[in-house]
Amino acid sequence: MAEVVPPELEQYAVKLQQLRAKLGQVQAEKGVVQAELKEVERALELLKGAAPDALIFKSAGHLMVRVSKEDAEKELSD
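Counting in my numbering, the sequence shown tops out at residue 72, every number present.
Structure follows, in structure tokens:
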């Protein structure tokens, strides 16, 4: 004999599934942001150790463009 599940309980179950899916999306986005932050922090570390007149390049689409150390640090810090 099958049990009848109240509609209110079914709605809660659907809402729970939606919240779990949303949590998974947020966790994935958090991972991406954390990876980007580590990349920026590492780039800033490398820039700090570079000489003031060092050749610094940044990616601009399919090109590498030369920038000053100060401009690179400013852009990464923003």
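Ideal Cβ positions, reconstructed from N, Cα and C, are used throughout, including at glycine. Fair warning: this is a prediction, and the values are worked out from it, not measured in the lab.
In or out: residue i buried (at least 16 other Cβ within 10 Å) or exposed?
i     : result
Ala66 : buried
TODO: Counting only runs of 4+ residues fully inside the stretch -2 to 66, write out the alpha helix (DSSP H) ranges in chain order.
DONE: 1 to 43
Task: Three CB pairs or more closer than 8 Å across the stretch 35 to 47 and the stretch 56 to 72 - done: yes
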